[in-house]
Every structure is written in structure tokens, then in C-alpha cells.
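Novice:
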Amino acid sequence: MKHLLKIAFLLLFAWSCSDEPVETVYFDLDAENGIFIACEGNFMYGNGSLSFYHPGTKKVTNQLFYARNNAPLGDVVQSVVRRGNLLFIVVNNSGKVVVVDAKTVEFKGIITGLTSPRYIHFVSDEKAYISDLYADHITIFNPKTFEITGRVELNGHTSEQMVQVGKFVYVSHWVNGEHILVIDTERDELADAIKVPAQPKDLKVDKNGKIWALCGGNYENSIVDEQPSALVRIDPETRTMEQIYRFSEGIFSSILEMNAARDTVFFLNNGVSKMAVDSRRLPESAFIPEGERLFYNLSVHPETDEIYISDAIDYTQNAVVYRFSPNATLTDSFKVGINPSCFLFR
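Mapped onto my numbering, the consecutive letters of the sequence shown carry residue numbers 189 to 534.
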């Protein structure tokens, strides 16, 4: 099976724009301590990439996949996750998941035939879900064989981010949606749908087992009624919203993160905002102001609580990543690929 996958990979990426051979770069990355950064690239340009940053040495290596495999990664590198010694790289507009070795970035396999894949959630060693921006189902695959084994029908909903509490996976229906979908992982079936404000996207689980959803809101003339952004806290036991934090009209917030203790949430809102999970109201000012920068994504290190923020600059050139201490002191900055969309810590 894996030999067939390698043949398929070579056929899929074969190109002959130059007669000169490209020298392969062999990596031995400290994957246990470094950070992988998925860079989307530009839509329809096929210039998505993967970068690696080591917090100890402050060394950054860009274009990892191309350097190791002499082939482009694809169009819109949306996210990257790790399972054991493998990285699963979701390439959204190429409709595929590329699998590589976490230390060497050597190609190991590919999952194709997807519509518009977004994120991966591992249910077990032999079962994982792939969400999709346009398809009304979640794809099920085996992380050991890379084979598609089934699907979860979503009754017309599409899917975005996923978190798990007990045997249930909670899935945001982002584009023109207003529900958090509840998937029974034992039956691989849609079990329920929780009504929330418009366009829920990012999901996190706090120290109390409550689910947080950042809902982007809707502009005028959208399919769902016009609404500002909202941050909601959901009780998975009752499957109801127990707290709604509404942003001011015209404010559209994005990107939800949580610290290591899972007692504080972070989100982008004209800068980086910070809020305790037991707070009764949204913060009035930014924890890290955006200034003249164009914050595109953020992530919080799951052990050190350091904050990493990507600056897209103008969406077309190589971006900058800023590294901040937990108290918002800038400690480093470095260049990566275009539009960094995902940080993977281990």
C-alpha cells in the first residue's frame, strides 16, 4: 500500500520546469522541542509551505517539504497535526492530506479525493476525522494506513474545527452556519446540534470541561442574519450555552486560543485580547496591541505559555512571526512563508 502511495505521489507532483536537478536537503529536526508552522500561501498559487522554528536556538528553517522532497506542498496549507512520528499536513485547495516523517519531513503518504479539507481530529490510533469547508460530511480515515474508511453524514452542514469531550466530538459549522454539531464517535453519527451565534469557528475546552466557541458573526446581506462576533461557553452535559460574550457592533473577532492551565482564553480583536474563563465580561483593551501590524493568527505554547503571533504584512509576501513571553514582552521575531495559519507544538 505504501509503495503505491509513493508512486501516486511521484505522479501527482511530477514536473519538468527545469532540466537542472534540485539537490535534496536531509533534515534531522528536533521535533520534540521545535514548532512546525503551516503557511497557507496564496489561493490558487500553489505556494503553501511548512516552516520549523526551534525556541532554544531561535533557528528557523523554511520550505521544509520542498527542500526534502523536491516537490511543492500544494495550494493553501491549512493545518498540520502530529500522530506518533508522523505529520499530517492538510492542503485545503488541493483537496488532500500529505503525510511526512516528523524528523526528516520525508514523504510517507497522501490522502486524496477530499473536497476542501480543513482540520484533522484523531479519535484513536486507527480512526481520525477530517473536516471540510464545503462537503456535508466528515471524512473518516485510518492514520496507520492512510486509507479512507467512511464518513459521518452531517445533514447538510459543513464542518470546521473539532474538540472531544468523552465519546463525543464537537464540530463547528462555520460558513453561514449557526450550530455546533455533536458527533458520536462510537457510531460515527451526528447525534445533536447546538444552536449558537452566527459562524462558529474556533473551539477550545477549558479546565472545567466546558467548550468555548468563537463565533465570527455575519456581515450585512449574509445568508444568516447580520450579527457581530460572539464568544460563547457551552456545557457539554446539557448541550446548552451557559454564557455569551457579545462584541460591539461592527467588531469581528477571530482566532481562539487557551493557555496551558486552560483557565485563560486569548483571541484576536484589534490586537490580542486575554480573558480568564471565569470572567463575566470581555476585556476593554488589548493585551498585545496590533499597532501597524496585520495579525493573522496566534497560538499559545502548551507548556511555556509563550505567545506566537503571525503578521501577514500584506497577505502576499513572506510573513513575520512574533514570539512574546507570557507577560507580553517581545523576545524574538522571524520570517516564515506566506500567511502562517497554524502552529504545531509537538
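The beta carbon of each residue, even a glycine, is placed where N, CA and C say it ideally should be.
If I follow the unbroken alpha helix (DSSP H) through residue 256, where does it start and stop?
Specialist: Position 68 of the sequence shown holds residue 256. Per DSSP, residue 256 belongs to the alpha helix (DSSP H) from 252-257.
Novice: Let me check understanding here. Comparing Cα to Cα, which of 499, 282, 281 and 433 lies closest to residue 468?
Specialist: Residue mapping note: residue 468 aligns to position 280 of the sequence shown, counting from 1. With distances taken between Cα atoms, residue 468 lies closest to 433.
Novice: Hey, how far is the Cα of residue 421 from the Cα of residue 385?
Specialist: Here residue 421 corresponds to residue number 233 of the sequence shown, with the count starting at 1. Here residue 385 corresponds to residue number 197 of the sequence shown, with the count starting at 1. In a straight line, the C-alpha of residue 421 is about 11 Å away from that of residue 385.
Novice: Near residue 513, what residues of its chain come up, given a Cβ to Cβ distance below 7 Å and the 5 sequence neighbours on each side ignored?
Specialist: Mapped onto the sequence shown, residue 513 falls at position 325. Excluding sequence neighbours, residue 513 sits near 494 and 519.
Novice: Below 7 Å between beta carbons: does that hold for residue 444 and residue 390?
Specialist: Counting from one through the sequence shown, the residue named residue 444 turns up at place 256. Counting from one through the sequence shown, the residue named residue 390 turns up at place 202. Taking 7 Å as the Cβ cut-off, residue 444 and residue 390 qualify as a contacting pair.
Novice: With distances taken Cα to Cα, identify the nearest neighbour of residue 398 among 230, 250, 247 and 427.
Specialist: For this step, residue 398 is matched to residue 210 along the sequence shown. The option with the nearest alpha carbon to residue 398 is 427.
Novice: If you run the structure through DSSP and keep just helix, strand and coil, what is residue 209?
Specialist: The residue labelled residue 209 in the question sits at position 21 within the sequence shown. Any reading at residue 209 needs caution, since the residue's pLDDT is 47, under 50, leaving its predicted position unreliable; the model's value is listed next. Three-state DSSP puts residue 209 in coil, outside helix and strand.
Novice: Return the CA-CA distance between residue 489 and residue 338, expressed in angstroms with no decimal places.
Specialist: Here residue 489 is taken as the residue at index 301 of the sequence shown, counted from 1. Here residue 338 is taken as the residue at index 150 of the sequence shown, counted from 1. When rounded, the distance between both Cα atoms is 34 Å.
Novice: So who's on the other strand from residue 463, going by DSSP bridges?
Specialist: In the sequence shown, the residue the question calls residue 463 occupies position 275. Partner(s): 453.
Novice: Can you check the region 274-356 for any beta strand (DSSP E) of at least 3 residues that lies completely inside it and give the ranges in chain order?
Specialist: Entirely contained in the region 274-356, the beta strand (DSSP E) runs reaching 3 residues are, in chain order, 274-279, 284-289, 295-299, 305-312, 315-320, 325-329, 336-341 and 350-353.
Novice: Indicate whether residue 508 and residue 521 have their beta-carbon atoms separated by less than 7 Å.
Specialist: As a working note, residue 508 is residue 320 in the sequence shown. As a working note, residue 521 is residue 333 in the sequence shown. Against a cut-off of 7 Å, the Cβ pair of residue 521 and residue 508 comes out as a contact.
Novice: Report the rounded CA-to-CA distance for residue 328 versus residue 472, giving the unit in angstroms.
Specialist: The residue given as residue 328 occupies position 140 in the sequence shown. The residue given as residue 472 occupies position 284 in the sequence shown. Cα-Cα distance, rounded: 42 Å.
Novice: What are the boundary residues of the beta strand (DSSP E) that includes residue 271?
Specialist: Translated into the one-based positions of the sequence shown, residue 271 becomes position 83. Segment 265-271, the beta strand (DSSP E) holding residue 271.
Novice: May I ask you to list the residues that DSSP assigns as paired with residue 477?
Specialist: Residue numbering aside, residue 477 sits at position 289 when the sequence shown is read from its first letter. Per DSSP, 459.
Novice: Give me, in chain order, the residues of the same chain whose beta-carbon lies closer than 6 Å to that of residue 465; leave out the 5 immediate sequence neighbours on both sides.
Specialist: Start at 1 with the first residue of the sequence shown, and residue 465 comes out as number 277. Cβ within range, chain order: 394 and 451.
Novice: What are the residues that DSSP puts in a beta bridge with residue 361?
Specialist: As a first step, residue 361 is located in the sequence shown; it is residue number 173 there, counting from the start. Its beta-bridge partners are 367.
Novice: What are the residues that DSSP puts in a beta bridge with residue 498?
Specialist: The count along the sequence shown starts at 1 and reaches residue 498 at position 310. Answer by DSSP bridge pairing, in chain order: 485 and 509.
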